[in-house]
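Asks: Protein chains in written order, with UniProt numbering: chain A, 1 to 502; chain B, 1 to 305.
A virtual CB, placed ideally from N, CA and C, is assigned to each residue, including glycine.
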């Protein structure tokens with residue numbers, strides 16, 4: 001790790017004199033993903049990279065203004081709830097897909113009926129499982145029928161639910177769409193080499209809508225797994241935009257004073273979960289005093305200041321502040337190691353205890369947490385695992401304590417996190433029937449105020465019982481060449497159509 | 001000779017089968033594949049649906065048998081990650097890795113054999129010490145560090161070569177140097193040791209005593225014998241480079257099969273992993289076989305039996 005830092009420092013110093021220039025002349029923004037893009041078919045893609053492509057190439061029926069949180073019409077111009085489970089939408093006329101196919105009710109009905117059919121095996125079932133099917137009313141009117149009331153419907157229609165061209169998709173299927181995506185979006189896909197690169201080209205026939213016309217002509221995205229190589233390419237002027245730059249590297253780039261470095265919050269939150277329900281055996285975590293002791297033991301602010309950095313903030317609530325109904329006024333527990341030791345002694349552990357502690361990412365953060373726990377006598381044995389292996393173990397109830405994170409798929413609604421962790425699913429360590437009932441009711445209640453009140457009650461109880469130690473929100477560093485202009489939003493959705501030149 | 005080749009091919013198939021069976025079992029220990037496919041933000045509902053769809057709830061031997069039957073028909077499955085046939089994905093990537101591997105091993109041989117010979121001719125001389133120094137440095141420098149230093153100097157400062165990608169021959173210069181240099185020390189040391197041993201052999205002394213041209217003695221009589229184990233080592237190194245060029249491919253964003261293997265492990269893309277293991281093991285066997293044939297050609301004594 002030290003060598004990496006030394007090297008990046010060397011690289012940065014060595015390049016102080018190297019010019020960086022955005023390719024404004026060819027109207028092309030070059031950027032890199034450090035992860036290979038899965039298939040381009042957004043319904044068979046689970047990574048954030050795919051979500052970014054989704055918003056560039058396709059449109060949803062609605063659009064959420066990232067600044068105000070307000071839902072606006074996109075491919076639909078108007079929408080009304082006929083009843084709790086029927087949403088009627090009026091579609092925009094005169095829109096065409098990139099291949100010239102006109103957009104109408106048939107496309108919406110086909111897309112929704114395709115993605116909700118379990119036979120078709122859409123990967124992110126949670127994105128579409130809240131819909132039952134769609135019906136055509138007339139050429140530009142459709143109805144979406146839900147199996148049960150789902151208050152976050154608008155959020156999903158503005159997010160991952162993209163509209164596909166029915167004729168094209170029926171012909172080429174997921175594989176064809178994966179290689180040659182066709183949408184109505186502000187960008188067309190000009191070229192794609194699976195896993196390696198893809199190039200987006202401005203859709204000059206775009207209808208505009210709330211997204212507006214793309215501000216740059218082309219966006220070229222290459223897969224460069226190594227962040228130091230990305231920085232080298234940035235210095236060479238062959239990359240104009242870096243996304244997800246580690247905090248220390250971003251600080252050095254900013255100190256050079258030549259580049260635009262912007263830090264923005266992300267919806268991902270970190271937390272420590274504890275086996276309250278005793279699924280892994282009758283361990284110490286079943287005792288509320290022990291869980292409170294854990295909470296008091298960790299100096300979250302110090303970790304944020306030293307390691308997480310950026311715009312991250314300490315949270316007490318078991319969701320992201322960027323999400324609807326994520327009440328921030330719940331009980332908090334200050335960093336107080338003495339109080340922690342007292343609580344442990346009261347619970348019958350005056351000399352502390354030993355416990356298995358699991359983590360899968362951000363090892364330095366995990367080690368910092370462990371350091372604080374060790375100070376009050378909780379000796380933690382670190383099991384650092386692959387995500388899939390850890391989640392499997394957690395689902396089986398074999399994890400007494402873990403440092404985990406959750407990104408909510410950028411869905412700005414508290415249900416995207418609480419439904420997963422507090423409704424007796426395989427990842428629910430608390431299994432509190434009262435909390436389960438409040439959340440399940442909130443998840444199917446349309447009235448916003450009522451929902452807020454229910455989530456608030458649930459989140460408050462999660463805090464008072466110390467089922468979780470909510471840690472902090474994550475953040476993302478964006479680095480741009482001086483020629484580029486882009487304002488990141490707090491949902492980590494890089495909207496390529498918002499790129500422009502200075 | 002034909003029988004010999006057929007026997008070797010049969011053995012190769014058996015080895016590949018064993019490797020695939022072991023890897024199939026081991027890969028499933030790396031965590032629930034359904035969770036990997038579903039991704040980090042997937043709900044429990046998603047995972048359950050994927051488990052059912054891909055049949056992960058079936059017994060492991062049944063899943064393996066299914067895979068084997070398809071593999072025998074040339075169908076190595078579809079990548080869970082890319083949703084494309086694994087043969088297509090691997091085909092796209094293998095060219096890059098093969099090119100890199102061949103360039104790197106050539107670079108290593110061109111650098112290491114002359115160095116080894118020069119060092120052996122004058123043991124403990126300045127040349128010998130210099131060769132050993134280069135060799136030690138080659139072993140000690142981590143590839144990622146060396147790669148990044150080369151990028152900083154030759155790509156950023158001097159602007160001579162691109163930092164990443166695989167679009168032209170220029171893109172292969174730095175990765176070849178990094179990967180080739182990594183293989184150099186072992187080849188150099190083996191050449192040196194072999195040459196020192198051979199140069200003290202009776203037949204060399206006889207050849208010299210007969211007044212043969214010293215250059216002819218060195219290159220025709222000594223090197224030919226000393227280089228035999230080097231060929232076997234180079235074959236093993238070449239096999240290693242195919243699978244082991246992960247770091248180099250990652251730094252230089254080469255998108256080869258080595259990096260694909262690494263990524264496929266981390267995302268539990270089992271069909272790709274299984275196909276890669278099969279392909280890599282076949283290449284290993286092929287290179288070893290070719291090295292044996294080459295050795296037999298160079299040393300008639302090895303042809304017996």
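Just to confirm, is the Cβ distance from residue 485 (chain A) to residue 215 (chain A) under 9 Å?
Replies: By 1-based counting over the first chain, the position of residue 485 (chain A) is 485. By 1-based counting over the first chain, the position of residue 215 (chain A) is 215. Yes, the pair counts as a contact, with Cβ atoms nearer than the cut-off.
Asks: Cβ of residue 108 (chain A) within 9 Å of Cβ of residue 142 (chain A)?
Replies: Counting from 1 along the first chain, the entry for residue 108 (chain A) is found at position 108. Counting from 1 along the first chain, the entry for residue 142 (chain A) is found at position 142. Going by C-beta atoms, residue 108 (chain A) is nearer than 9 Å to residue 142 (chain A).
Asks: Taking three-plus beta-carbon pairs below 8 Å as touching, is the region 486 to 501 of chain A in contact with the region 257 to 270 of chain A?
Replies: yes
Asks: Do you know offhand how far residue 441 (chain A)'s Cα is from residue 460 (chain A)'s?
Replies: For the purposes of this step, residue 441 (chain A) is taken as the residue at position 441 of the first chain. For the purposes of this step, residue 460 (chain A) is taken as the residue at position 460 of the first chain. So the two alpha carbons sit approximately 16 Å from each other.
Asks: Checking contacts by CB at 9 Å: is residue 62 (chain B) closer than that to chain C?
Replies: Included in the structure are the protein chains A and B, with no chain C among them.
Asks: So with Cβ pairs under 9 Å, would you call residue 53 (chain B) a contact of chain A?
Replies: The residue you call residue 53 (chain B) lines up with position 53 of the second chain. Chain A, which has a Cβ nearer than 9 Å to the Cβ of residue 53 (chain B), makes this yes.
Asks: Who are the near neighbours of residue 282 (chain B) in its chain, counting only those whose CB is closer than 7 Å to its CB and skipping five residues on each side?
Replies: Counting from 1 along the second chain, the entry for residue 282 (chain B) is found at position 282. Here the set comprises 12, 16.
Asks: Might you give, ordered along the chain, the residues of its own chain that have their beta carbon closer than 7 Å to the beta carbon of residue 38 (chain B), omitting 5 neighbours on each side?
Replies: The residue labelled residue 38 (chain B) in the question sits at position 38 within the second chain. Taken in chain order, the residues that qualify are 46, 47, 50.
Asks: What does a CB cutoff of less than 7 Å around residue 254 (chain A) pick up in its chain, not counting 5 residues either side in sequence?
Replies: Here the question's residue 254 (chain A) lines up with position 254 in the first chain. If we look at residue 254 (chain A) and ignore the five residues flanking it on each side, its Cβ neighbours are 261.
Asks: If I follow the unbroken beta strand (DSSP E) through residue 71 (chain A), where does it start and stop?
Replies: Working through the first chain from its first residue, we reach residue 71 (chain A) at position 71. For residue 71 (chain A), the enclosing beta strand (DSSP E) starts and ends at 71 to 73.
Asks: Could you tell me which chain A residues have their CB closer than 7 Å to the CB of residue 291 (chain B), listed as they occur along the chain?
Replies: On the second chain, position 291 is the one that residue 291 (chain B) refers to. What residue 291 (chain B) touches in chain A: nothing, since even the nearest Cβ is about 32 Å away.
Asks: Along chain A, which residues have their Cβ under 8 Å away from the Cβ of residue 106 (chain B)?
Replies: Against the second chain, residue 106 (chain B) aligns to sequence position 106. Those do not exist, as residue 106 (chain B) stays about 24 Å from chain A at its closest Cβ, beyond 8 Å.
Asks: Which residue comes first and which comes last in the beta strand (DSSP E) that contains residue 79 (chain A)?
Replies: Sequence index remark: in the first chain, residue 79 (chain A) carries index 79 (1-based). Unbroken beta strand (DSSP E) run through residue 79 (chain A): 76 to 83.
Asks: Out of B:258, B:296, B:60, point me to the one whose CA is closest to residue 32 (chain B)'s CA.
Replies: Taking the second chain and counting its residues from 1, one reaches residue 32 (chain B) at position 32. Selected option, being the one with the closest Cα: B:60.
Asks: Cβ atoms of residue 209 (chain A) and residue 59 (chain A): under 9 Å apart, would you say?
Replies: Counted from its first residue, the first chain places residue 59 (chain A) at position 59. Counted from its first residue, the first chain places residue 209 (chain A) at position 209. The answer is yes: Cβ separation under 9 Å.
Asks: Give me, in chain order, the residues of the same chain whose beta-carbon lies closer than 7 Å to that of residue 368 (chain A); leave out the 5 immediate sequence neighbours on both sides.
Replies: Locating residue 368 (chain A) in the first chain gives position 368, counting from the first residue. These residues qualify, in order along the chain: 303, 307.
Asks: When DSSP builds the beta bridges, which residues end up paired with residue 472 (chain A)?
Replies: Start at 1 with the first residue of the first chain, and residue 472 (chain A) comes out as number 472. DSSP output for residue 472 (chain A) lists A:270, A:314 as bridge partner(s).
Asks: Assuming the contact rule is C-beta atoms closer than 8 Å, residue 71 (chain B) and residue 54 (chain B) should be a hit. Round their C-beta distance to whole Å, please.
Replies: By one-based count along the second chain, residue 71 (chain B) stands at place 71. By one-based count along the second chain, residue 54 (chain B) stands at place 54. Not a contact, Cβ separation roughly 17 Å.
Asks: Using beta carbons (cut-off 9 Å, strictly below), is residue 44 (chain B) in contact with chain A?
Replies: Your numbering for residue 44 (chain B) matches position 44 in the second chain. So yes, residue 44 (chain B) belongs to the interface.
Asks: Is residue 222 (chain A) close to chain B, meaning its C-beta is less than 9 Å from at least one C-beta of that chain?
Replies: For the purposes of this step, residue 222 (chain A) is identified with residue 222 of the first chain, where counting begins at 1. It does: the Cβ of residue 222 (chain A) has a partner Cβ on chain B nearer than 9 Å.
Asks: Apply the 10 Å Cβ neighbour rule to residue 219 (chain A) and answer buried if 16 or more other Cβ atoms are within range, or exposed otherwise.
Replies: Residue mapping note: residue 219 (chain A) aligns to position 219 of the first chain, counting from 1. Per the 10 Å Cβ criterion, buried.
Asks: Check the Cβ of residue 391 (chain A) against every Cβ in chain B and list those closer than 7 Å, keeping chain order.
Replies: As a working mapping, residue 391 (chain A) is identified with position 391 in the first chain. Under the 7 Å cutoff, chain B gives 35.
Asks: Based on the DSSP secondary-structure assignment, which residues constitute the bridge partners of residue 261 (chain A)?
Replies: In the first chain, counting from the first residue as 1, residue 261 (chain A) sits at position 261. Partner(s): A:479.
Asks: Would residue 205 (chain B) be called buried (16 or more neighbouring beta carbons within 10 Å of its own) or exposed?
Replies: Taking the second chain and counting its residues from 1, one reaches residue 205 (chain B) at position 205. Residue 205 (chain B) comes out exposed.
Asks: Return the first residue and the last residue of the beta strand (DSSP E) that residue 262 (chain B) is part of.
Replies: To locate residue 262 (chain B), count along the second chain from 1; it is residue 262. Run containing residue 262 (chain B): none in the beta strand (DSSP E); it sits in the alpha helix (DSSP H), 257 to 266.
Asks: Of all the CB atoms in chain B, is at least one closer than 9 Å to the CB of residue 125 (chain A)?
Replies: For this step, residue 125 (chain A) is matched to residue 125 along the first chain. True, the Cβ-Cβ gap to chain B drops below 9 Å.
Asks: Which one of B:190, B:155, B:287, B:111 has the shortest CA to CA distance from residue 120 (chain B)?
Replies: Residue 120 (chain B) sits at position 120 when you count from the first residue of the second chain. The shortest Cα separation from residue 120 (chain B) among B:190, B:155, B:287, B:111 belongs to B:190.
Asks: Flag residue 150 (chain A) as yes if its beta-carbon sits less than 9 Å from any beta-carbon of chain B, otherwise no.
Replies: Numbered from 1 along the first chain, position 150 holds the residue referred to as residue 150 (chain A). The beta-carbon of residue 150 (chain A) is placed no less than 9 Å from the nearest beta-carbon of chain B.
Asks: In terms of residues, what are the limits of the beta strand (DSSP E) holding residue 126 (chain B)?
Replies: The sequence position of residue 126 (chain B) within the second chain is 126, counting from 1. Counting along the chain, residue 126 (chain B) sits inside no beta strand (DSSP E); it lies in the alpha helix (DSSP H) bounded by residues 126 to 140.
Asks: Note the first and the last residue of the continuous alpha helix (DSSP H) segment covering residue 145 (chain B).
Replies: Walking along the second chain from the start, residue 145 (chain B) turns up at place 145. For residue 145 (chain B), the enclosing alpha helix (DSSP H) has its first and last residue at 143 to 150.
Asks: Using a 10 Å radius around the Cβ and a threshold of 16 neighbouring Cβ atoms, would you call residue 124 (chain B) buried or exposed?
Replies: Mapped onto the second chain, residue 124 (chain B) falls at position 124. Residue 124 (chain B) comes out exposed.
Asks: Residue 260 (chain B) CB to nearest chain A CB: under 9 Å?
Replies: In the second chain, counting from the first residue as 1, residue 260 (chain B) sits at position 260. Yes, because at least one Cβ of chain A sits closer than 9 Å to the Cβ of residue 260 (chain B).
Asks: What span of residues does the beta strand (DSSP E) with residue 133 (chain A) cover, start to end?
Replies: Along the first chain, one-based indexing puts residue 133 (chain A) at 133. Residue range 133 to 138 is occupied by the beta strand (DSSP E) that includes residue 133 (chain A).
Asks: Can you tell me the Cα-Cα spacing of residue 131 (chain A) and residue 104 (chain A), whole angstroms?
Replies: Start at 1 with the first residue of the first chain, and residue 131 (chain A) comes out as number 131. Start at 1 with the first residue of the first chain, and residue 104 (chain A) comes out as number 104. Rounded to the nearest angstrom, the two C-alpha atoms are 19 Å apart.
Asks: Less than 6 Å between C-beta atoms, sequence neighbours within five positions excluded: which residues of the same chain meet that for residue 95 (chain A)?
Replies: Taking the first residue of the first chain as position 1, residue 95 (chain A) is located at position 95. 103, 184, 207.
Asks: What is the rounded straight-line gap between the Cα of residue 449 (chain A) and the Cα of residue 457 (chain A)?
Replies: In the first chain, counting from the first residue as 1, residue 449 (chain A) sits at position 449. In the first chain, counting from the first residue as 1, residue 457 (chain A) sits at position 457. So the alpha carbons of these two residues sit roughly 12 Å apart.
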